[in-house]
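A short write-up of the structure that comes next.
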Amino acid sequence: MDSEIKEEIPVHEEFILCCGVETQVLKCGPWTDLFNDQSANRPKLLIFVITGNPGFSAAYVPFVKALYSSVNKRFPVWVISHAGHALAPKDKKILTTSDDPNAQEVKDIYGLCGQVEHKLAFLRTHVPKEMKLVLIGHSIGCYISLQILKLAPELPIIRSLLLFPTIERMSESPNGRIATPLFCRFRYALYVSAYLLLKPWPEKIKSLMIRKYLQMMNLQTEFSLLNMLEPFCLVNAAYLASQEMMDVVKRDNETIKEHLSKPHPCAAASALERA
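Residue numbers (numbering that gives the first Met the number 0): 0 to 274.
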């Protein structure tokens, strides 16, 4: 099964400028440009995955491939990195669009609210308005998904699925009691340590360490995970974590109740296929 997914399922990597920030988007399936694809088999639904923190898209490749296979390869599955959690390789072209919001319009782009605006900007500028959406959030991505539902009722979201949701009382959890002082009080010490320890390392050493880590975790991905050891990305991940601990306190019951009545994604997908 694993070899079949690895060989037969295409995943396209793009680096785009979203809200003025380099952003990695991995697109599972043959549809890479939903705006210019006017073919009869263009899908009517997009499955959009929002990562946890750190927001390293490449770590989700096995998941999005399995998900794409489970929907019989009928719908694209895209996963987006968080703003500031991905840097494009030197030889990689960064795509831009004239509709991209000016970076100055999004305050604190690397913070929690900024990350929500970052995902909204992508959906509004890179996905056709008529395209139905299924949001899948993981960890803090679930909080971001709920915020999207709350702030953008005009988006045609037919379902939002929350995986290991981090949507309430983060600082009170066992891990939160450790992470809160670490990220909120000693964050700058982490910044300095990250730059002093990791910046001088050669890329070959970083690649070797990441390969060993992936082997230990039994993970496979054809895309680079060097951002896991990039100080700039780790600093932004720590900054986002500090805001999570302070701001993710009360569960948004109103938004959850409002969207509980939406149809199951499989039923909705079947209806779209018959349309």
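Backbone N, C-alpha and C define an ideal beta-carbon position, used for all residues, glycine too.
In this structure, residue 108 lies near residue 82, with their beta-carbon atoms less than 9 Å apart.
If you draw a 10 Å sphere on the C-beta of residue 244, you find 16 or more other C-beta atoms in it, and that means buried.
By the criterion of at least three beta-carbon pairs nearer than 8 Å, the stretch 106 to 122 is in contact with the stretch 137 to 148. Among the bridge pairs identified by DSSP, residue 219 is matched with none. DSSP, read as helix, strand or coil, puts residue 128 in coil. Ranked by how close their Cα comes to the Cα of residue 7, the residues 231, 29 and 151 have 29 in first place.
Residue nearest to residue 89 within the set 127, 21 and 150 is 21 (criterion: CA-CA distance). In the three-state reduction of the DSSP assignment, residue 110 falls in the coil class, being assigned neither a helical nor a strand state. Taking each of 150, 160 and 256 in turn and checking the Cα distance to residue 139, the smallest one comes out for 160. In terms of Cα proximity to residue 150, the closest of 170, 177 and 113 is 113. By the C-beta density criterion, residue 173 is exposed, having fewer than 16 other C-beta atoms within 10 angstroms. A direct Cα-Cα distance of roughly 28 Å separates residue 68 from residue 17. Listed in chain order, the alpha helix (DSSP H) runs fully inside the stretch 27 to 98 are 60 to 69, counting runs of at least 4 residues. Among the bridge pairs identified by DSSP, residue 15 is matched with 22 and 94. DSSP places residue 197 in the uninterrupted alpha helix (DSSP H) bounded by 186 to 197. In this structure residue 74 is not in contact with residue 111, their Cβ atoms being roughly 29 Å apart against a cut-off of 8 Å.
When the alpha-carbon of residue 241 is set against those of 179, 191 and 215, the nearest one is in 179.
Taking a 10 Å sphere around the C-beta of residue 133, we find 16 or more other C-beta atoms and assign the residue as buried.
As DSSP reads the structure, residue 137 sits in a beta bridge with 162. DSSP places residue 115 in the helix class (H, G or I) of the three-state scheme.
Assignment of residue 8 by DSSP, reduced to helix, strand and coil, places it in the coil class.
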